Amino acid sequence: MALSETQKIELLAQLVAIKSVNGDEEKVAQFLQRYLADYWIKAQLVPVAKGRSCLVAKIGHGHPCLAVSGHLDIVLAEPAEWYSDPFTLTAKKDRLYGRGASDMKAGVAALVSALIALKQANEPKHGSLKLLLTVAEEVGQEGSRVLLEQGYLTDVDALLIAEPTNLELAYAHKGSMDIKVTSRGKSAHSSMPEEGYNALEPLIDFLYQTKQAFEKINQADELLGLASFNATVIKAGKQVNSLPAFAEAKINVRTTPLVDNQKVREILHLWKTKLNHTGAQLDLAIYLDQHPVKLASDSTLLKLACDLGKQYFHQEIKVIGLAPVTDASNLTQGKPTDFPLIIFGPGNKSVHQANEYVDKSQYLTFCELYPQLFTTYLAKN
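Numbering follows full-length UniProt numbering, with no gaps: position 112 of the sequence shown is 112.
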């Protein structure tokens, strides 16, 4: 028997109550493993690091295999900024407030509810449904990387990610790169600069030259728009009358298929080499390197989701590209360009904010829509 409306709300409340801030997701994974076991669904924990495990469960058999995914981690909440306890799901009119209510415990709960409904109905009768719940999506996406490396995507023929999309649907998103640039010099009194080497100057030159080179190749993707290149952190010096011996900058780049991560790497390494040949001592570390995703725009999965979305929500479902990165960067690696991917789930733009919420009716509707979408897609393929 499928979960009742009350049970669906209670499931979301139980998930919100578990403070699975990035780095401490083990308890929510263990809770869901036990919860699924109560409905005769075996779930496996996949360790990523101490206190962090992904969760994998599968129902049905063979191909096609549709994977459905969400992340278990949330961002921090400052209770003083909230109208209510961020870790107690609080209902107010049609809104359910709580940290992670939108990003993305409502999506996770809707996927779990769908899996239970299908298991109880002896579905799917054709193909299989694989649940992939990840850790570390908010920072680093280590969980999805581990699932990829351990082969959990090998048999997957299509993928839905239940990220909050505000009743829109995406099949593409930008990539993201985080870069640390360090510059070494020699300290000296500012009245005698010839006795030292100002580490800040070549760093500033590097930031200017790489930004200029980037803008020369930047062009708008028809769905995702322009890529972006932003220096966001600079640290140098300890006092105003001394040349800094060390300087550091951090850069965030949002990439597209037209201006991809490889092109950015080439620009960075070119200007590092050029400036080091003139006496600079620059070093680079790319510590986040998530590629952009842009897959099939006309897949059966996408068309079905748009049709069912219109039927269930009584409005057209707009197809968009996302600026934020999702686990699709890892989970679709090695898949062909016509691989069916959609990002479609309950939630809105209150993510990461105080008083984050999900519309109760929207969450419950996704709980109903997902089982029909999953079985219809598998039957058609």
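The beta carbon of each residue, even a glycine, is placed where N, CA and C say it ideally should be.
Model, not experiment: these values are computed from the prediction.
- Classified as buried, K105 has 16 or more neighbouring CB atoms from the shown chains inside 10 Å of its CB.
- Y97 carries a strand assignment under DSSP once its states are collapsed to helix, strand and coil.
- Taking E81 as the centre and dropping the five residues before and after it, the same chain places the C-beta of A354 closer than 7 Å to its C-beta, in chain order.
- Beta-bridge partners assigned by DSSP to E168: K318.
- Ranked by Cα distance from E316, the first of L322, P324, I343, D307 is D307.
- Annotated three-state conformation of Q44 is strand, per DSSP.
- Within 10 angstroms of the beta-carbon of W271 lie 16 or more other beta-carbons, which makes it buried.
- Following the DSSP letters along the chain, one finds K349 in no beta strand (DSSP E), marked with neither H nor E.
- Judged by DSSP in its simplified three-state form, L378 adopts helix.
- If you look at A109, you'll find it in the alpha helix (DSSP H) that goes 106-120.
- Taking a cut-off of 8 Å for Cβ pairs, the region 136-155 and the region 80-96 do not touch, as fewer than three such pairs fall below it.
- Within its own chain, the residues whose Cβ lies closer than 8 Å to the Cβ of L11, once the five positions on either side in sequence are excluded, are L3, Y35, A109, V112, S113, listed in chain order.
- Just so you know, the alpha carbons of R184 and V325 end up roughly 33 Å apart.
- Q33 carries a helical assignment under DSSP once its states are collapsed to helix, strand and coil.
- Straight across, the Cα-Cα distance linking A37 with G60 is about 16 Å.
- A direct Cα-to-Cα measurement between Q30 and I74 gives close to 16 Å.
- The residue among R254, S242, I267 with its C-alpha nearest the C-alpha of L207 is I267.
- Beta-bridge pairing by DSSP links T90 to Y97.
- Within the model, the alpha-carbon separation for Y197 versus L284 is close to 19 Å.
- In the structure shown, the three-state DSSP call for Q209 is helix.
- Per the DSSP secondary-structure output, G175 pairs in a beta bridge with T255.
- Secondary structure of I161 (DSSP, three-state): strand.
- Under the 8 Å Cβ criterion, the region 237-247 counts as touching the region 174-191, having at least three qualifying pairs.
- DSSP, reduced to helix, strand and coil, places T232 within a strand of the structure shown.
- Annotated three-state conformation of T182 is strand, per DSSP.
- In this structure, DSSP gives F339 a state outside helix and strand, which the three-state scheme calls coil.
- By the beta-carbon neighbour count (other beta carbons within 10 angstroms, threshold 16), D298 is exposed.
- Around the beta carbon of T232, fewer than 16 other beta carbons sit within 10 angstroms, so the residue counts as exposed.
- With 16 or more other CB atoms across the displayed protein chains lying within 10 angstroms of its CB, V259 is buried.
- Here S20 is not near L76, since their CB atoms are 9 Å or more apart.
- Residue H352 holds the alpha-carbon nearest to the alpha-carbon of E78 among H352, E201, Q362, E142.
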